[in-house]
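So the structure is just underneath, and the comments pick up after that.
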Amino acid sequence: MHKSDPTYQLERFGLVIVWLAFIVLFGALRPDTFLTWSNFSTIFGSEAVLVIVTLGLIIPLTAGDFDLSIAQILTLVSMSVAILDARMDLPLALVLPIGLAIGALVGLMNGAIILYFRVHSLIVTLGVGTFLHGITLWIGNSQTISGVSPMLMEWVIIQRVFGVPIAFYYAIGLAVAIWYMLTYTAFGQQLLFTGRGREVGRLTGVAVDRVRLTAFVLSGLLGALAGILYTGTTGSANPSSGTFLLLPAFAAAFLGSTCIRPGRFNPWGSVIAVYFLVTGINGLSVLGFRTFVQDLFYGGALVLAVMISQLVSGRKDRGL
Amino acid sequence: MTEEPTPRLVLWGLTKTFGGVRALDRADFTIAPGEVHGLLGTNGSGKSTLIKVLSGFHAPDTGALEIDGRAVALPMPLGRSELHGLAFVHQNLGLLPEATVLENLIAGDHERLNAWWINWRAEAERARRLFADHHLDLSPSDTVADLSPVKRAQLAIVRAADRVQEHRSHGTPGTLVLDEPTPFLPQEDVRELFVMIRRLTARGVSIIFVSHDIDEVREVTDRSTVLRDGKVIGTFDTAKSSREDLVEAIVGRTVAVDRRVADVPSAAPAVALRGLQGDVLQDVSFSVRPGEILGLTGLIGAGHDEVSMLIAGARSALAGQVDIGGQTHDLCRMKPADSIAAGIALIPADRQRAGIALDLSLTENAMLPRIHGSLFINHRRNRDSTADLMRDFRVKATSPDQPAAELSGGNQQKLVLGKWLQLNPRLVLLDEPTQGIDVGAREEIYDHLLSLCASGTAVICATSEFEQLEIIAHRVLVFDRGRIKAELKGAEVTKASIATACYETAEEHA
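What follows is the structure, given as structure tokens:
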């Protein structure tokens with residue numbers, strides 16, 4: 003599989019082609035509702051949160067770890083921001099750094115437990131995620147908290163550039179940053195070796211434990227950022243907001259790893275996969291399908307994505 | 174001993190070829206009922222191939238097997254050997270440490286056990302009877318991880334014996350194959366196993382005892398067969414053979430290979446190692462001169478293979494220091510990054526796991542040591558450097574972007590060599606550098622090592638291939654039970670003398 007190979011090019015852009023085919027299909031069936039700029043700009047803006055969660059996931063995934071707590075980091079930070087801002091009237095300049103710090107701290111804790119006790123990340127982050135959800139319900143009294151300052155909403159969803167809410171551009175900016183980090187920095191290569199050749203990396207002087215810890219801190223930070231944007235998008239925080247984002251984010255991360263840079267978790271693949279999935283769901287609901295279509299689509303896409311990536315890599319036994 | 178009319182097991186004309194190399198060449202082999210039969214030979218002599226034909230792991234090219242006078246079809250279907258009264262205990266014993274003695278004992282006993290319901294109480298009772306019958310102090314409820322090494326070995330052997338004792342299809346006791354069960358056991362524990370072996374043979378069980386330890390073979394076996402280069406050299410009545418007879422049969426008169434190294438100019442040591450202590454190694458000290466290739470070798474469990482991992486900081490030593498480049502490093506605290514900074518390069522034995530990342534490209538693999546801390550990796554330059562490196566080290570591949578998995582073992586190893594040698598190390602550590610590599614690539618690797626020497630780099634090469642050492646080593650240290658037992662220099666470095674030194678006992682260490 004090499005760069006000049008046409009099948010490789012087809013594989014790289016396969017998902018984009020299917021995405022465009024979806025748009026054409028739904029557009030032909032419902033041109034008046036689906037194929038409108040307002041529909042698309044809404045999709046682009048509102049799903050920025052999912053893009054950021056997915057980008058957060060692919061960092062530990064590249065290092066060979068799962069962060070199942072990221073969606074609950076989002077919920078906890080979203081709730082904390084709402085409480086600190088709406089209930090306690092603290093200035094945003096203070097609230098936002100606190101929110102990010104919570105995310106980084108949870109990431110640090112995930113990494114510390116996983117590395118010190120040598121337990122699988124899947125189990126640790128599953129537990130930590132549920133624990134965080136408990137904290138969220140506790141501090142928010144299991145209620146939706148609204149009334150956050152309009153300033154936050156202004157800078158997340160109300161401001162638009164070319165008709166698309168500004169949150170979308172934050173997500174794209176992050177994708178650029180992560181793309182640069184994974185592609186052009188030594189840390190990106192170290193993440194890759196930590197995930198795909200841990201012993202090789204370790205013997206070549208990569209501090210694999212520190213790399214894994216950093217990956218969890220970064221995913222925690224991105225989860226927190228997604229939480230802030232979530233609060234800004236809806237103007238409120240509800241205690242179950244993140245719960246429905248975890249599976250779509252995993253589906254997008256794995257689906258994204260089948261395109262653009264096939265075989266690797268990559269930010270542009272993730273972005274495309276998020277919008278592909280959301281377009282599909284939006285299109286189907288415009289056609290009149292009800293909410294169950296979300297579960298069918300996200301669940302199906304996740305399983306399909308891992309099947310495709312195994313087919314592409316020649317059905318290797320990954321020992322998972 | 175007198176030959177019984179019906180041998181327990183006979184193998185005739187066993188031949189097995191792997192890619193043009195004859196691992197077994199018309200080997201004949203006969204075991205009498207109730208005898209302990211030793212199987213001796215160096216690495217690659219064919220003894221493990223012979224065992225694997227018996228277990229059904231390998232299908233022989235030609236050959237016939239007869240057990241208790243009845244012909245048994247070869248290849249033996251995997252997992253069916255117990256039906257023919259054959260059971261195996263390998264060096265790793267095949268026990269699950271987290272499970273109990275009883276769980277391990279009955280694991281895989283499908284023939285006897287009810288698939289839907291296990292009567293644990295009855296099984297425990299049966300196990301207690303079995304252990305009492307064999308005079309073993311084992312409790313069914315103990316966890317295997319908590320057992321001493323000798324008890325684990327006893328459990329593995331009694332399990333095997335149980336399976337073939339039960340085998341009553343033609344009413345005779347079976348054959349146990351003990352494949353190197355002793356190298357990690359202390360002397361007195363080995364005796365305990367020998368007592369157990371003797372009790373088994375008293376019941377008519379035959380034992381094939383595979384070992385590298387001539388003294389153990391002489392102590393416990395009735396007869397022994399020596400294999401060399403796939404051929405049966407002879408079967409000896411052990412009591413009537415001296416250890417010299419056996420050593421000579423094992424080593425043979427070897428044809429001299431071309432030695433490619435002369436003397437090293439005398440100089441101050443480039444590297445000095447002091448008091449190295451690891452899992453097996455005990456207080457090992459030696460030094461290497463600039464431009465010298467030092468070979469480390471020994472038999473299984475000797476500890477020579479531990480040295481490079483400890484010097485490179487891949488594992489922490491229990492004690493030990495290394496002097497290199499005018500600095501002293503504590504090997505208890507050495508990390509791989511420290512050893513790289515000190516000018517040490519490690520080319521590990523486990524290439525597929527520790528040498529090269531198979532999913533990643535040749536460029537990524539080769540450039541990893543050079544991108545340290547970079548905030549802008551110049552991919553084009555890295556690709557060009559990798560292409561240069563591939564040319565210099567004659568790595569055959571279509572492109573530097575290819576995943577490493579697509580390369581042959583020899584080309585992967587040359588890339589690993591290039592990855593490390595581009596850093597101009599002071600000391601290069603190699604662990605079984607030519608394992609699974611074709612002859613052509615092997616010669617190229619030797620060429621690189623010799624040119625390294627010419628440039629004054631110190632090289633340490635740990636290997637169990639004596640011939641390789643004869644070709645490229647200036648000096649060889651032979652290890653035994655974690656200590657250096659012999660040093661061979663210059664013209665003494667021959668395959669035969671290394672083998673003799675390996676099989677020689679060092680009484681003071683025993």
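Residue numbers (this note's numbering), protein chains in the order written: chain F, 3 to 322; chain V, 174 to 683. Glycine residues also receive a C-beta, built at the ideal position from the N, C-alpha and C atoms. The model shown is predicted, which means the values in this text are computed figures rather than measured ones.
Check	Outcome
Hey, is residue 546/V's beta-carbon within less than 8 Å of any beta-carbon in chain F?	yes
Within the segment 448–530 of chain V, note down every full beta strand (DSSP E) run reaching 3 residues or more, in order along the chain.	457–461, 466–471, 492–497, 500–503 and 517–520
Using a 10 Å radius around the Cβ and a threshold of 16 neighbouring Cβ atoms, would you call residue 125/F buried or exposed?	exposed
Out of curiosity, what's the CA-to-CA distance linking residue 673/V and residue 420/V?	7 Å
Under three-state DSSP, which class holds residue 394/V?	coil
Does DSSP classify residue 667/V as helix, strand or coil?	coil
Here's the rule: buried if 16 or more other CB atoms are within 10 angstroms of the residue's CB, otherwise exposed. What is residue 569/V?	exposed
Kindly list, in the order they appear in chain V, the residues whose Cβ is closer than 8 Å to that of residue 188/F.	544, 545, 546, 547, 548 and 550
In the DSSP assignment, the alpha helix (DSSP H) including residue 686/V goes from what residue to what residue?	No information on residue 686/V is available, as it lies outside the stretch 174 to 683 that chain V covers here.
Which residues mark the beginning and the end of the alpha helix (DSSP H) in which residue 237/V is found?	That residue, residue 237/V, is in no alpha helix (DSSP H); its beta strand (DSSP E) goes 235–240.
If we count Cβ pairs, one from each stretch, closer than 8 Å, do we get three or more for the segment 229–236 of chain F versus the segment 152–162 of chain F?	yes
Could you tell me the distance, in whole angstroms, from the CA atom of residue 192/F to the CA atom of residue 529/V?	14 Å
Do you know offhand how far residue 284/F's Cα is from residue 302/F's?	16 Å
Look up residue 147/F in the DSSP assignment and say whether it is helix, strand or coil.	strand
Label residue 624/V either buried or exposed according to how many other C-beta atoms from any shown protein chain fall within 10 Å of its C-beta, with 16 as the threshold for buried.	exposed
Run the CB neighbour count on residue 132/F, radius 10 Å, all protein chains shown included, and call it buried at 16 or more, exposed below.	exposed
Along the chain, which unbroken stretches of the beta strand (DSSP E) at least 3 residues long are found entirely within the segment 601–672 of chain V?	631–635, 648–653 and 656–662
Give a yes or no on whether the C-beta atoms belonging to residue 112/F and residue 80/F are separated by under 8 Å.	no
Have a look at 195/F, 104/F, 291/F and 135/F and flag the residue whose alpha-carbon is nearest the alpha-carbon of residue 62/F.	195/F
Leaving out the 5 sequence neighbours to the left and right, which residues in its chain are closer than 6 Å to residue 185/V when beta-carbon positions are compared?	201 and 237
Helix, strand or coil for residue 685/V? Go by DSSP, reduced to three states.	Since the first residue of chain V shown is 174 and the last is 683, residue 685/V is not available in this structure.
Around the Cβ of residue 273/F, are there at least 16 other Cβ atoms within 10 angstroms (buried) or fewer (exposed)?	buried
Under 7 Å, CB to CB, which of the residues in the segment 517–547 of chain V have a partner in chain F?	519, 521, 526, 527, 528, 529, 530, 532, 533, 537, 541, 542, 544, 545, 546 and 547
What three-state label does DSSP hand residue 202/V in the structure shown?	strand
Taking 8 Å as the CB-CB limit, is residue 205/F close to chain V?	yes
How is the alpha helix (DSSP H) around residue 260/V delimited, first residue to last?	Taken as a continuous stretch (DSSP letters only), residue 260/V belongs to no alpha helix (DSSP H), being part of the beta strand (DSSP E) at 259–262.
Under 8 Å, Cβ to Cβ, is there at least one residue of chain V near residue 179/F?	no
How about the segment 375–391 of chain V and the segment 494–506 of chain V: do they share at least three Cβ pairs that are nearer than 8 Å?	no
Please state the DSSP three-state secondary structure of residue 172/V.	Outside the shown range of chain V (174 to 683) lies residue 172/V, about which nothing can therefore be said.
Contact criterion: CB-CB distance below 8 Å. Does residue 509/V meet it with respect to chain F?	yes
Quick check on this structure: which residue in 565/V, 467/V and 535/V has the alpha carbon closest to the alpha carbon of residue 636/V?	467/V
Quick one, which residues of the segment 238–262 of chain F are near chain V if we go by CB-CB under 9 Å, in chain order?	none
What are the boundary residues of the beta strand (DSSP E) that includes residue 186/V?	182–191
Opposite residue 167/F in the DSSP bridges: which residues?	162/F
Excluding sequence positions up to five away, which residues of its chain have a Cβ less than 6 Å from the Cβ of residue 240/V?	182 and 257
Could you check the C-alpha separation between residue 628/V and residue 464/V for me, to the nearest Å?	7 Å
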